[in-house]
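Everything below concerns the one structure shown next.
Chains as they are written, first to last, in our numbering: chain P, 1 to 111; chain R, 112 to 223.
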């Protein structure tokens, strides 16, 4: 079973920030939080990952709570092309093992 | 450009036939993975390989086989023993450590 819980769907207005929550209350100290997104009929695309600190790259920001039991992916200015299924995953650092995907959040960006 | 190539994008087979899906990467990654995705579902791990000539079963390995004779190649064979082979198959690779997986664009297999 996936170690994360995400809402099944969310809507966001174009140009506004999209905030996607993820609960990972059983995360262990050496597990990273990863975010991917998948546009229909394509392979998942890596977005960002982090361990403890907040992270930002050209695509998004990742905010991890101090107790690490939840996180939020922020797309600062959502566009129609950001419509996709977003997956939040926890995975042990240094591990080559299983990356467990849940059903993710279907984000719909509307004009 | 470096990346992962899966071919073909669409594949059709008759029931009872084995079929092999290709996955090639030129990222010099050590680990490679095969996932299966059914409509409206997340990804489920079939097999993964951390080094050449070694691989481990994932959660749903029954009815599938793999080989890893070269670092850059990790073909997946869907055998006739797989009861529900119609699905979207995704290959991925990664280097050691916390670095993320890189995915190919998938092969959609239809068995009738």
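Just so it is clear, CB atoms sit at the ideal spot from N, CA and C, and this is done for glycine as well.
Hey, is residue i's beta-carbon within less than 8 Å of any beta-carbon in chain P?
| i | result |
| --- | --- |
| residue 186 (chain R) | no |
| residue 152 (chain R) | yes |
| residue 138 (chain R) | no |
| residue 132 (chain R) | no |
| residue 122 (chain R) | no |
Taking all protein chains shown into account, decide if residue i is buried (16 or more other Cβ within 10 angstroms of its Cβ) or exposed.
| i | result |
| --- | --- |
| residue 16 (chain P) | exposed |
| residue 126 (chain R) | exposed |
| residue 28 (chain P) | exposed |
| residue 79 (chain P) | exposed |
| residue 9 (chain P) | exposed |
| residue 101 (chain P) | buried |
Pull up the CB-CB distance for residue i and residue j, whole angstroms please, since I reckon it's below 8 Å.
| i | j | result |
| --- | --- | --- |
| residue 166 (chain R) | residue 159 (chain R) | 7 Å |
| residue 119 (chain R) | residue 221 (chain R) | Contact flag wrong, Cβ pair sits at about 12 Å. |
| residue 4 (chain P) | residue 89 (chain P) | 6 Å |
| residue 157 (chain R) | residue 171 (chain R) | 6 Å |
| residue 50 (chain P) | residue 153 (chain R) | Residue 50 (chain P) to residue 153 (chain R), Cβ: 21 Å. No contact. |
| residue 211 (chain R) | residue 205 (chain R) | 7 Å |
| residue 45 (chain P) | residue 36 (chain P) | 6 Å |
Please check if any C-beta of chain R sits within less than 8 Å of the C-beta of residue i.
| i | result |
| --- | --- |
| residue 3 (chain P) | no |
| residue 6 (chain P) | no |
| residue 111 (chain P) | no |
| residue 99 (chain P) | yes |
| residue 40 (chain P) | no |
| residue 86 (chain P) | no |
| residue 52 (chain P) | no |
| residue 15 (chain P) | no |
| residue 76 (chain P) | no |
| residue 103 (chain P) | yes |
| residue 49 (chain P) | yes |
Between the segment 17–27 of chain P and the segment 67–82 of chain P, do at least 3 Cβ pairs fall closer than 8 Å?
yes
Using a Cβ distance threshold of 8 Å, determine whether the segment 176–196 of chain R contacts the segment 136–147 of chain R, with at least three qualifying pairs required.
yes
Relative to chain P, which residues along the segment 205–223 of chain R have a C-beta separation below 8 Å, given in chain order?
205, 207, 208, 209, 211, 212, 213, 214, 215, 216, 217 and 219
Does the contact criterion of 3 or more C-beta pairs under 8 Å hold for the segment 200–218 of chain R versus the segment 122–137 of chain R?
yes
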